[in-house]
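Chemist: Residue numbers (the numbering used here), protein chains in the order written: chain A, -18 to 442; chain B, -18 to 442. Quick one: structure below, then a few questions.
There are 2 protein chains.
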Amino acid sequence: MDKKSQNDIIDRRDFFKKTAALAGTAIAGSSILASNAMANEHAGGNGEKAILETPEWATKWGDPITKNLYGMPSKYEHNVTRRYTKLLASGNFRASIAVTPIQESMGIITPNGLFFSRSHGGVAHIDPNEHRLMITGLVEKPLVLTMEELKRYPSVTRTHFIECPANGGQEWRGPQYNSLQFSKGFMSCAEWTGVYIKDILKDLGIKPEAQWMLAEGGDSSKMGRTIPMEKVLDDAMIVWGQNGEALRPEQGYPIRLLVPGWEGNLCVKWLRRLDFATEPWYCKEETSKYSILKPSGKIAQHFYANEVNSTVTSPSPEIDWSNVKEGDVVEIEGLAWSGMGTITGVDISFDGGKNYVEAQLKGLVLPKCWTRWSYMYTIPKDFKHTDGNQLLLTSRASDDAGYIQPTVDQELTAVGVEAVYHRNAVETWRVEADGKISHVQLRSEYTRDKDGNVIIEKGEA
Amino acid sequence: MDKKSQNDIIDRRDFFKKTAALAGTAIAGSSILASNAMANEHAGGNGEKAILETPEWATKWGDPITKNLYGMPSKYEHNVTRRYTKLLASGNFRASIAVTPIQESMGIITPNGLFFSRSHGGVAHIDPNEHRLMITGLVEKPLVLTMEELKRYPSVTRTHFIECPANGGQEWRGPQYNSLQFSKGFMSCAEWTGVYIKDILKDLGIKPEAQWMLAEGGDSSKMGRTIPMEKVLDDAMIVWGQNGEALRPEQGYPIRLLVPGWEGNLCVKWLRRLDFATEPWYCKEETSKYSILKPSGKIAQHFYANEVNSTVTSPSPEIDWSNVKEGDVVEIEGLAWSGMGTITGVDISFDGGKNYVEAQLKGLVLPKCWTRWSYMYTIPKDFKHTDGNQLLLTSRASDDAGYIQPTVDQELTAVGVEAVYHRNAVETWRVEADGKISHVQLRSEYTRDKDGNVIIEKGEA
Chain A
-18 MDKKSQNDII
-8 DRRDFFKKTA
2 ALAGTAIAGS
12 SILASNAMAN
22 EHAGGNGEKA
32 ILETPEWATK
42 WGDPITKNLY
52 GMPSKYEHNV
62 TRRYTKLLAS
72 GNFRASIAVT
82 PIQESMGIIT
92 PNGLFFSRSH
102 GGVAHIDPNE
112 HRLMITGLVE
122 KPLVLTMEEL
132 KRYPSVTRTH
142 FIECPANGGQ
152 EWRGPQYNSL
162 QFSKGFMSCA
172 EWTGVYIKDI
182 LKDLGIKPEA
192 QWMLAEGGDS
202 SKMGRTIPME
212 KVLDDAMIVW
222 GQNGEALRPE
232 QGYPIRLLVP
242 GWEGNLCVKW
252 LRRLDFATEP
262 WYCKEETSKY
272 SILKPSGKIA
282 QHFYANEVNS
292 TVTSPSPEID
302 WSNVKEGDVV
312 EIEGLAWSGM
322 GTITGVDISF
332 DGGKNYVEAQ
342 LKGLVLPKCW
352 TRWSYMYTIP
362 KDFKHTDGNQ
372 LLLTSRASDD
382 AGYIQPTVDQ
392 ELTAVGVEAV
402 YHRNAVETWR
412 VEADGKISHV
422 QLRSEYTRDK
432 DGNVIIEKGE
442 A
Chain B
-18 MDKKSQNDII
-8 DRRDFFKKTA
2 ALAGTAIAGS
12 SILASNAMAN
22 EHAGGNGEKA
32 ILETPEWATK
42 WGDPITKNLY
52 GMPSKYEHNV
62 TRRYTKLLAS
72 GNFRASIAVT
82 PIQESMGIIT
92 PNGLFFSRSH
102 GGVAHIDPNE
112 HRLMITGLVE
122 KPLVLTMEEL
132 KRYPSVTRTH
142 FIECPANGGQ
152 EWRGPQYNSL
162 QFSKGFMSCA
172 EWTGVYIKDI
182 LKDLGIKPEA
192 QWMLAEGGDS
202 SKMGRTIPME
212 KVLDDAMIVW
222 GQNGEALRPE
232 QGYPIRLLVP
242 GWEGNLCVKW
252 LRRLDFATEP
262 WYCKEETSKY
272 SILKPSGKIA
282 QHFYANEVNS
292 TVTSPSPEID
302 WSNVKEGDVV
312 EIEGLAWSGM
322 GTITGVDISF
332 DGGKNYVEAQ
342 LKGLVLPKCW
352 TRWSYMYTIP
362 KDFKHTDGNQ
372 LLLTSRASDD
382 AGYIQPTVDQ
392 ELTAVGVEAV
402 YHRNAVETWR
412 VEADGKISHV
422 QLRSEYTRDK
432 DGNVIIEKGE
442 A
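The structure is reproduced here in structure tokens:
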């Protein structure tokens, strides 16, 4: 039933009936229990311990409001943090990455404490009163700005994701981590406040021969990246605000570049300089890194936009599905995003991509922004899909630039196996009857020709 | 020039010229400086110390990514926190409030660490594995739900403000605090994730005679509030997610009620029970508190929605405007919100409300949500407005329910002087030539008749 929504088939009443059947402790004499619970919490004798016995937290004062003037999450959420591995760090935890627990994400905002963090020289702690932004090169009026002066420009607020182009790339030869956080957590999404660079350039005057902009960081790595003027004059921003407060140090406090939808490494942190020129700079971090190794052994450069992509966040390997049983109606949820525009649709497959049905987009649908999607699904017998195969969950997004996620085979054929960047093939979770969820890669056998190109040998995946 | 936009009069190029004139350090030999700065940061001799001398943070490794797996703001932002006063606490910092620094807000999201916090028995720390939600009374199938069971319902994500109905109310006799945070910071705005109560009731079956819902907290105060079914079945939610992560303890972890646009105290935290009945409960916190004292000495009840309101966040008393000079073009910014719907427009006055011009709404404009607005303004000679009066900044919002903010005189006449709740008259900042900004109340002299009603004596404010 390709592209036909199963949401039309599952009756919504039916869902609720099933939820009721599985859920909760039914209360027999409910009105009695209710008044007991309100009037005398120590009544007991009903078996619903947590309600009738007064829990410890209801018997004493809580914390005063003076205690946490800048708050933190509950101690019971201690497991929801950014994470790192030695494998990703190459032994250096300063030039490394800490990834976002997107399996726990809700809505489209990533809280600042969980926003993924990548640096090339560690997290700098910059004094905003000492920091300056220098704007030089092919501008009529080069300037050095204090942070106060920069913030005089008219501000703009936009919600965009930032994604490392290596997101998912470590997995391309086959899953390395049975983890959504480590396979796709190299991204986050936030509400950003700052100024469009095009508005600054209206002020300074850009010379017509300027074709490229260098952004340079003020940290020890002097991260440098070059951006074509067409993008600079479209929607590139200098931002100082994230989710309603100042950028965090690990996000480039006091200012960073934001290049909506494009590779995260272009969003240079601890920004101290913009320079304008006729040619790209070919900095270290846009030649030795963040370039794409082709089957021929040559390097492709000037790939910028993160292509249309999606993932199933629930269920996913870190989510406990041990209580989910055959016949349950569950909400399958995920994220979709495109650096080229707005998500137009997400399809979901239960057989690893042979057949797709349409999922629903939920909440705000904004350009170059996470978009949440959902599908109500009845768990089949023995967790096997209707055609007898195991349950294989795959999502596939499309965007208003006209793109749709490729299969793994399509991507292998088009891009080869060397490049770790910009891989956006569909991703699959295998769900077993005990609730175990595994990352599997569905691809055909392949060989390579004399030029290194991938030749698919057999299979239909 | 009432209602005529001055944005049409200030030429945008002109703005940028003026910014350029005041801003930054112009660089004479810019290309030389640029290459110097890149090639040899120790060159010096230019006078632009912060650029040419390598700052300390650029000379050493920053923090490893392993250091803050759940991050915090920069140490330089230590002053941006929630705040409290003894005056608001009545000597008890558990039954008190900590208010949001909305003068520092950006966009429409308040980060969770700064979201205002009000409790009646202190902040409870609840174990979600032990916590239960009991749903009782006039439902067909009363239930007790674990948190896992509750989260099986289809989730929804919405961005809404929460506002204490006392927001601004302490100021009604005249400004007590020369502070935006203390006068209007009893509110914040976030992206919430949870379930519509109407969806749970489809499951449980609501009896037709049910007219009111009680929400009861599981903390030591047993905060209880009653909500009419019409609102419950419209958009009331049980939420567990805030800005993409679990609720913080001070926001009711693991679950709270969200009653979009209505009094914040209805959004019962640490929610443990919903009960349905034919009559309101008249709990302590909806009789002794959160009711409205009328001039007659009687109490009005069943006021729920926060009326249309607005404030100027920049400039405001806490914002440093000492560097702002006559002739500068500045962005005046603020927030508008309505618990009855969507903001349709904001007007701004420079003479305390005699004349208004239209401001621009910025970014997302959503129902029952903060809406940010902006106006580009040229600072007049001696900070006096064109008609020779002092500069008095007043904003006035309107909503799609057809309401517009009243003047202080209109509000005094309509509501009297006793009630501290639901005051939404326009607010005024006086701006002086040294950049000093003060909260002033523009109202006429009044007397009161034998029934306590306010009679405006003179004036035109």
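Glycine is no exception: its CB is placed at the ideal position from the N, C-alpha and C atoms.
Could you check whether the Cβ of Pro387(A) sits closer than 8 Å to any heavy atom belonging to the ligand SAM?
Modeler: Here there are no bound small molecules, and the ligand SAM is not part of this structure.
Chemist: What are the start and end residues of each continuous beta strand (DSSP E) run of 3 or more residues lying completely inside the region 78 to 114 of chain A, in chain order?
Modeler: Whole beta strand (DSSP E) segments, 3+ residues: 98 to 100.
Chemist: Give the DSSP-derived three-state secondary structure of Ser201(A) in the structure shown.
Modeler: Of the three classes helix, strand and coil, the one that applies to Ser201(A) here is coil, per DSSP.
Chemist: Measure the C-alpha to C-alpha separation of Ser379(B) and Glu152(A) and round it to an integer number of angstroms.
Modeler: Cα-Cα distance, rounded: 52 Å.
Chemist: Which residue spans inside the region 167 to 253 of chain B form an unbroken beta strand (DSSP E) run of at least 3?
Modeler: Counting only runs of 3 or more, we get 168 to 177, 193 to 198, 205 to 209, 218 to 223 and 237 to 239.
Chemist: Determine the closest residue to Asp192(A) out of Glu211(A), Thr35(A), Pro241(A) and Asp301(A), with distance taken between C-alpha atoms.
Modeler: It is worth fixing the name first, because residue 192(A) is Gln in this sequence and not Asp. Comparing Cα positions, the closest option is Glu211(A).
Chemist: Can you list, in chain order, the residues of the region 187 to 210 of chain A whose Cβ is nearer than 8 Å to any Cβ on chain B?
Modeler: Listed by position along the chain: Glu197, Gly199, Asp200, Ser201 and Lys203.
Chemist: Please classify Arg154(A): is it buried, with 16 or more other beta-carbons within 10 angstroms of its beta-carbon, or exposed?
Modeler: Under this definition Arg154(A) is an exposed residue.
Chemist: What beta strand (DSSP E) runs, 3 residues minimum, are completely inside the region 304 to 392 of chain A?
Modeler: The qualifying runs are 310 to 318, 324 to 330, 341 to 343, 352 to 359 and 372 to 380.
Chemist: Within the 9 Å Cβ cut-off, does Arg429(B) reach chain A?
Modeler: No, Arg429(B) lies away from the interface with chain A (no Cβ there is under 9 Å from its Cβ).
Chemist: Excluding the 5 residues preceding and the 5 following Ser98(B) in the sequence, name in chain order all residues of the same chain whose CB lies nearer than 8 Å to its CB.
Modeler: Hits under 8 Å: Arg63, Ile78, Ala79, Val104, Glu231 and Gln232.
Chemist: Taking all protein chains shown into account, decide if Arg404(B) is buried (16 or more other Cβ within 10 angstroms of its Cβ) or exposed.
Modeler: Buried, because 16 or more other Cβ atoms sit within 10 Å of the Cβ of Arg404(B).
Chemist: Can you tell which of Gln386(B), Val407(B), Gly416(B) and Leu316(B) has the C-alpha that lies nearest to the C-alpha of Leu423(B)?
Modeler: Out of Gln386(B), Val407(B), Gly416(B) and Leu316(B), Val407(B) has the C-alpha closest to the C-alpha of Leu423(B).
Chemist: Measure the C-alpha to C-alpha separation of Val137(B) and Gly88(A) and round it to an integer number of angstroms.
Modeler: Cα to Cα, the separation comes out at about 8 Å.
Chemist: What residues from the region 89 to 107 of chain A come within 9 Å of chain B, judged by C-beta to C-beta, listed N to C?
Modeler: If the cut-off is 9 Å between Cβ atoms, the region 89 to 107 of chain A has Ile89, Ile90, Thr91, Pro92, Asn93, Gly94, Leu95, Phe96, Ser98, Arg99, Ser100, Gly102, Gly103, Val104, Ala105, His106 and Ile107 near chain B.
Chemist: At what residues does the beta strand (DSSP E) containing Ser142(A) begin and finish?
Modeler: The sequence shown places Phe at residue 142(A), not Ser. Segment Val137 to Glu144, the beta strand (DSSP E) holding Phe142(A).
Chemist: Which residue's Cα is closest to the Cα of Arg139(B): Gln223(B), Leu255(B) and Ala281(B)?
Modeler: Of the candidates Gln223(B), Leu255(B) and Ala281(B), the one whose C-alpha sits nearest the C-alpha of Arg139(B) is Gln223(B).
Chemist: Counting contacts by CB-CB distance shorter than 9 Å, is Arg237(B) in contact with chain A?
Modeler: Chain A, which has no Cβ nearer than 9 Å to the Cβ of Arg237(B), makes this no.
Chemist: Is the Cβ of Met53(A) closer than 9 Å to any Cβ of chain B?
Modeler: It does; some Cβ of chain B falls within 9 Å.
Chemist: Find the nearest neighbour of Leu131(A) within the set Val176(A), Gly94(A), Gly225(A) and Leu247(A), judged by alpha-carbon distance.
Modeler: Selected option, being the one with the closest Cα: Val176(A).
Chemist: Over what stretch of residues does the beta strand (DSSP E) that includes Leu126(A) continue unbroken?
Modeler: That run of the beta strand (DSSP E) goes Leu124 to Thr127.
Chemist: Could you give the first and the last residue of the continuous beta strand (DSSP E) run that contains Leu419(B)?
Modeler: Inspection of the sequence shows that residue 419(B) is occupied by Ser rather than by Leu. Ile418 to Val421 is the span of the beta strand (DSSP E), which, as asked, contains Ser419(B).
Chemist: Rounding to the nearest angstrom, what Cα-Cα distance links Lys30(B) and Gly43(A) in this structure?
Modeler: In this prediction, Lys30(B) has a pLDDT of 49, which is less than 50 and means its spatial position is unreliable; what the coordinates show is noted afterwards. Rounded to whole angstroms, Lys30(B) to Gly43(A) spans 51 Å at the Cα level.
Chemist: Contact check, Gly198(A) vs Val120(A) under 8 Å by CB: the rounded distance?
Modeler: About 20 Å; that fails the 8 Å criterion.
Chemist: Would you kindly check if the distance between the Cβ of Pro54(B) and the Cβ of Asn110(A) is under 9 Å?
Modeler: No, they are not a contact pair.
Chemist: Taking Phe284(B) as the query, report the chain A residues whose CB atoms sit under 8 Å from its CB, ordered along the chain.
Modeler: By Cβ distance, chain A contributes nothing, its closest Cβ being about 25 Å from Phe284(B), past 8 Å.
Chemist: Suppose the cutoff is 6 Å on Cβ atoms and the five residues either side in sequence are ignored; what does the same chain contact list for Ala286(B) look like?
Modeler: The answer, listed in chain order, is Gly242, Trp243, Gly320 and Met321.
Chemist: Mind checking the region 340 to 359 of chain B against chain A and listing, in chain order, the residues whose C-beta falls within less than 9 Å of any C-beta there?
Modeler: Answer set for the region 340 to 359 of chain B: Lys343, Gly344, Leu345, Leu347, Arg353, Ser355 and Met357.
Chemist: Ignore the nearest five residues each way along the sequence and tell me which others in Val186(B)'s own chain have a CB closer than 8 Å to its CB.
Modeler: Checking the displayed sequence, the identity of residue 186(B) turns out to be Gly instead of Val. Closer than 8 Å at the Cβ level, and outside the excluded window around Gly186(B), lie Val120, Glu121 and Lys122.
Chemist: Buried or exposed: Lys203(B), going by 16 or more other Cβ atoms within 10 Å of its Cβ?
Modeler: Buried: at least 16 other Cβ atoms inside 10 Å.
Chemist: Go to Ser297(B), then tell me how far its beta strand (DSSP E) extends in each direction, as first and last residue.
Modeler: Looking at the DSSP string, Ser297(B) is not in any beta strand (DSSP E), and its letter there is neither H nor E.
Chemist: Chain B partners of Tyr271(A), CB-CB under 9 Å?
Modeler: The premise fails here: Tyr271(A) is roughly 18 Å from chain B at the closest Cβ pair, so nothing lies under 9 Å.
Chemist: Confirm, please, whether the CB-CB distance from Leu161(A) to Ser297(A) is below 9 Å.
Modeler: Contact flag set, yes.
Chemist: Compile a chain-ordered list of the residues in the region 256 to 268 of chain A whose CB is closer than 7 Å to at least one CB of chain B.
Modeler: Correct list: Asp256.
Chemist: Under DSSP, the beta strand (DSSP E) around Trp410(B) begins and ends at which residues?
Modeler: Where Trp410(B) is concerned, the enclosing beta strand (DSSP E) stretches over Thr409 to Val412.
Chemist: Around the Cβ of Asp332(A), are there at least 16 other Cβ atoms within 10 angstroms (buried) or fewer (exposed)?
Modeler: The residue is buried, with at least 16 neighbouring Cβ atoms inside 10 Å.
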